[in-house]
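Here's the structure, in structure tokens; my notes come after.
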């Protein structure tokens, strides 16, 4: 079946790196996404990775994919207070519908 | 370029009533999906439309329905509202059906529905 798991909470100090982890079960997943949700807002697409890639870097964001272990991570370098939000990992297979994890609340302390 | 526009932003309805939510996708986007977000169940897929046809449907009762118009705007309707329907309803659009996963999905800010 389709399932995505994330840890619920992460707290870091401003300037540190944050690493948010995600595991998924659907082996047919072809695209994996990271979305950010700020209070009262919708979901903002941060980045995505295709399943034939191991890594993708986009400015402060690095996505690592371990397809064998079905493990995805999002690393945010030099974390700022403005990065405080809920981060959702999502997978999609051929159906196109997004399956989301529960979301990880990132707290950045000054 | 305008983003995905959802109206209204907030809505309060009484149990048993029905409600219609609207979503205008990004100009040129033809695929529209709807999601329900609640604290207990998280984000769950409702349905997806492309070229006025429902292409995919989630596990929601028949009280939840939707449609898409020729200009790609979409509406979703919930009839006989229940307290458990209180949620943030999010709409997402993507450029094209075949490439929608690689293009990604752009979400609107959502409609917050409260059923009392």
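Chains as they are written, first to last, in my numbering: chain G, -9 to 100; chain Y, 136 to 251.
Using N, Cα and C, we set each Cβ at its ideal position, and we do this for glycine too.
With distances taken from CA atoms, which of the options is nearest residue i?
i, options, result
"residue 11/G", "99/G, 94/G, 100/G", "94/G"
"residue 252/Y", "96/G, 100/G, 87/G", "The question about residue 252/Y has no answer here: the residues shown for chain Y are numbered 136 through 251."
"residue 67/G", "48/G, 60/G, 39/G", "48/G"
"residue 164/Y", "203/Y, 197/Y, 222/Y, 250/Y", "203/Y"
"residue 7/G", "63/G, 81/G, 84/G", "63/G"
"residue 28/G", "100/G, 77/G, 37/G, 83/G", "77/G"
"residue 166/Y", "145/Y, 250/Y, 205/Y", "205/Y"
"residue 143/Y", "225/Y, 197/Y, 231/Y", "225/Y"
"residue 60/G", "82/G, 83/G, 17/G, 24/G", "17/G"
"residue 9/G", "82/G, 85/G, 24/G, 65/G", "65/G"
"residue 242/Y", "85/G, 25/G, -1/G", "25/G"
"residue 221/Y", "158/Y, 151/Y, 160/Y, 186/Y", "151/Y"
"residue 218/Y", "199/Y, 160/Y, 249/Y", "249/Y"
"residue 138/Y", "158/Y, 148/Y, 149/Y", "158/Y"
From what residue to what residue does the beta strand (DSSP E) around residue i run?
i, result
"residue 3/G", "-1 to 3"
"residue 21/G", "21 to 27"
"residue 245/Y", "Taken as a continuous stretch (DSSP letters only), residue 245/Y belongs to no beta strand (DSSP E), as it is neither H nor E."
"residue -4/G", "-6 to -4"
"residue 165/Y", "Element bounds for residue 165/Y: n/a, residue is neither H nor E."
"residue 212/Y", "209 to 213"
"residue 182/Y", "177 to 185"
"residue 90/G", "88 to 90"
"residue 195/Y", "Unbroken run through residue 195/Y: none, as it is neither H nor E."
"residue 149/Y", "Careful: residue 149/Y lies outside any beta strand (DSSP E) and carries neither H nor E."
Near residue i, what residues of its chain come up, given a Cβ to Cβ distance below 6 Å and the 5 sequence neighbours on each side ignored?
i, result
"residue -4/G", "12, 79, 91, 92, 94"
"residue 325/Y", "Coverage of chain Y is limited to positions 136 through 251, which leaves residue 325/Y absent and any answer about it impossible."
"residue 182/Y", "169, 189, 192, 201"
"residue 15/G", "-7"
"residue 22/G", "39, 62, 81"
Specify the secondary structure class of residue i as computed by DSSP and reduced to three states.
i, result
"residue 44/G", "coil"
"residue 218/Y", "helix"
"residue 52/G", "strand"
"residue 82/G", "strand"
"residue 71/G", "helix"
"residue 60/G", "coil"
"residue 65/G", "strand"
"residue 18/G", "coil"
Just confirm the distance between the C-beta atoms of residue i and residue j, as a whole number of angstroms; I'd bet it's less than 8 Å.
i, j, result
"residue 216/Y", "residue 153/Y", "7 Å"
"residue 244/Y", "residue 75/G", "The Cβ separation is near 14 Å, so there is no contact."
"residue 4/G", "residue 71/G", "6 Å"
"residue 208/Y", "residue 145/Y", "Actually they are not in contact, since the Cβ atoms of residue 208/Y and residue 145/Y sit about 20 Å apart, beyond 8 Å."
Which residues in the same chain have their Cβ closer than 7 Å to the Cβ of residue i, if we skip the five residues on either side of it in sequence?
i, result
"residue 98/G", "2, 4, 69, 70, 71, 73, 74"
"residue 179/Y", "170, 171, 193"
"residue 36/G", "24, 25, 26, 51"
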